[in-house]
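Engineer: Per numbering that gives the first Met the number 0, the very first residue in the sequence shown carries number 0; after that it's consecutive.
Just so it is clear, CB atoms sit at the ideal spot from N, CA and C, and this is done for glycine as well.
Being a predicted model, the structure only gives us computed values, none of them experimental.
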Amino acid sequence: MTKLIRELERELSTTLLLRSTTGVIATAQGKTLYDSAVSADRELVQAVEQIRQLEGRMTGTLTIGAVPLAVMLLVPETLRTFSRAFPDIQLRIVEELYIVQLTRLRKGEVDLALGPLPGDLPAGEFVTDVLMPIEMVVVVRRGHPMARARRLGELGQAPWVYTGATAESGYAKMLFERHGLPPPPAGALVNSTLGLLSIVASGHCIGLLPRQIAAHAFAQPYLETVAIEEGPLALELGVLARAESHLKPSVRQFMAHLHRAAHQLGSSGIHVGHMVDGGRWRRGLAGGGAGPRSGPT
0 MTKLIRELER ELSTTLLLRS TTGVIATAQG KTLYDSAVSA DRELVQAVEQ IRQLEGRMTG
60 TLTIGAVPLA VMLLVPETLR TFSRAFPDIQ LRIVEELYIV QLTRLRKGEV DLALGPLPGD
120 LPAGEFVTDV LMPIEMVVVV RRGHPMARAR RLGELGQAPW VYTGATAESG YAKMLFERHG
180 LPPPPAGALV NSTLGLLSIV ASGHCIGLLP RQIAAHAFAQ PYLETVAIEE GPLALELGVL
240 ARAESHLKPS VRQFMAHLHR AAHQLGSSGI HVGHMVDGGR WRRGLAGGGA GPRSGPT
């Protein structure tokens, strides 16, 4: 291995690894080459799988990034029907916030991302499908004095939990700005729904959660929904795929099964929004056509 690396360094006329008595670390050049090699290997595996699937051999791996709401409502039924139809496709579900999913999607680390649809994606980068509407409701711990608030402005001085990398993003900021109010102070930054639940349920911070999660049996003993006059933050739960990966048969089939699961939720009494064109999917390239109407960045 050492000989092969040194030959590669000579060929590139650069240093890829720094060796010392304490170990070996990659240089910036080595890190660049490694990241590119991993990406190239991943693309090659995807190409081989797509070729086999286009020839009718439905085998390979499908990696899905999903927000907790999608995991709770849509993924179980989708997995049931998809796995029954395509038992030789290995499915992997990664639960995480949507901003992380987009990064993974761009790198090709996930094939599909399920979550609130962003509103400012570059045109042509992704194929998007709307699955169902989401209502993000204001939640506090049980017994919190702010549980009796009736207007959003009454909550503007309390600390809020922000989801994302910085307080410059997140649903709390979006909710306040939609109603012409300055964003509230960030009491905490989290990158998981479990973290948000824990912080809100055990302290003085306020947060936003999908109505279905806030009303779930595991959350009810610890959280209260604040009934503000402005109502919930309305978003759309959708699925994104890279434009090129959308051609992969397993990706298109999984998207079809997602729509079937969303339709079944609607038929069972959970409102999932309207279909268009006689029940066909509403589909469009992000940034043009029938793309998403709203969502986080």
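1) Is the number of C-beta pairs between the segment 222–233 and the segment 128–138 that are closer than 8 Å three or more?
2) Do residue 253 and residue 125 have their C-beta atoms closer together than 8 Å?
3) Would you identify the three-state DSSP class for residue 170, choosing helix, strand or coil?
4) Which one of 18, 3, 55 and 129 has the shortest CA to CA distance from residue 240?
5) According to the neighbour-count rule (16 or more other Cβ atoms, all chains shown, within 10 Å of its Cβ), is residue 64 buried or exposed?
6) Do residue 68 and residue 220 have their C-beta atoms within less than 8 Å of each other?
7) How many angstroms separate the CA atom of residue 92 from the CA atom of residue 79?
8) Taking the alpha carbon of residue 85 as the point to measure from, which residue in 262, 255 and 264 has its own alpha carbon closest?
9) DSSP has residue 60 in a bridge; who is on the other side?
10) Mind checking whether residue 25 and residue 11 have CB atoms under 8 Å apart?
11) Which same chain residues end up closer than 6 Å to residue 1 when comparing Cβ atoms and leaving out the 5 residues on each side of it in sequence?
12) So the alpha helix (DSSP H) residue 193 belongs to, where does it begin and stop?
13) State the DSSP-derived secondary structure class of residue 121, mapped to helix, strand or coil.
14) Rank 159, 238, 158 and 27 by C-alpha distance to the C-alpha of residue 258 and give the top, closest one.
15) What did DSSP end up calling residue 66 once you bin it into helix, strand or coil?
16) Starting from residue 212, trace the alpha helix (DSSP H) in both directions and tell me its first and last residue.
17) Go through its chain and collect everything with a Cβ distance to residue 94's Cβ below 7 Å, but skip five positions before and after it.
18) Which runs of the alpha helix (DSSP H), 4 residues or longer, sit entirely within the segment 95–154?
19) Starting from the Cα of residue 192, find the closest Cα among 212, 175 and 260 and give me that residue.
20) In the DSSP assignment, find the unbroken alpha helix (DSSP H) run with residue 80 in it and report its ends.
21) Mind checking which residues open and close the alpha helix (DSSP H) that includes residue 4?
22) What are the boundary residues of the beta strand (DSSP E) that residue 235 is part of?
23) Which residue marks the beginning of the beta strand (DSSP E) containing residue 162, and which one marks its end?
24) By DSSP's criteria, residue 223 is part of a beta bridge. Which residues make up the other side?
25) Name, in chain order, the residues that DSSP records as bridge partners for residue 18.
26) Considering Cα atoms alone, identify which of 243, 153, 50 and 214 is closest to residue 182.
27) Considering only the beta carbon of each residue, do residue 222 and residue 140 sit closer than 8 Å?
Structural biologist: To lay it out plainly:
1) yes
2) no
3) helix
4) 129
5) buried
6) no
7) 13 Å
8) 255
9) 89
10) no
11) none
12) 192–201
13) coil
14) 238
15) coil
16) 210–213
17) 65, 67 and 70
18) 97–106
19) 212
20) 74–84
21) 1–11
22) 232–241
23) 159–162
24) 139
25) 23
26) 153
27) yes
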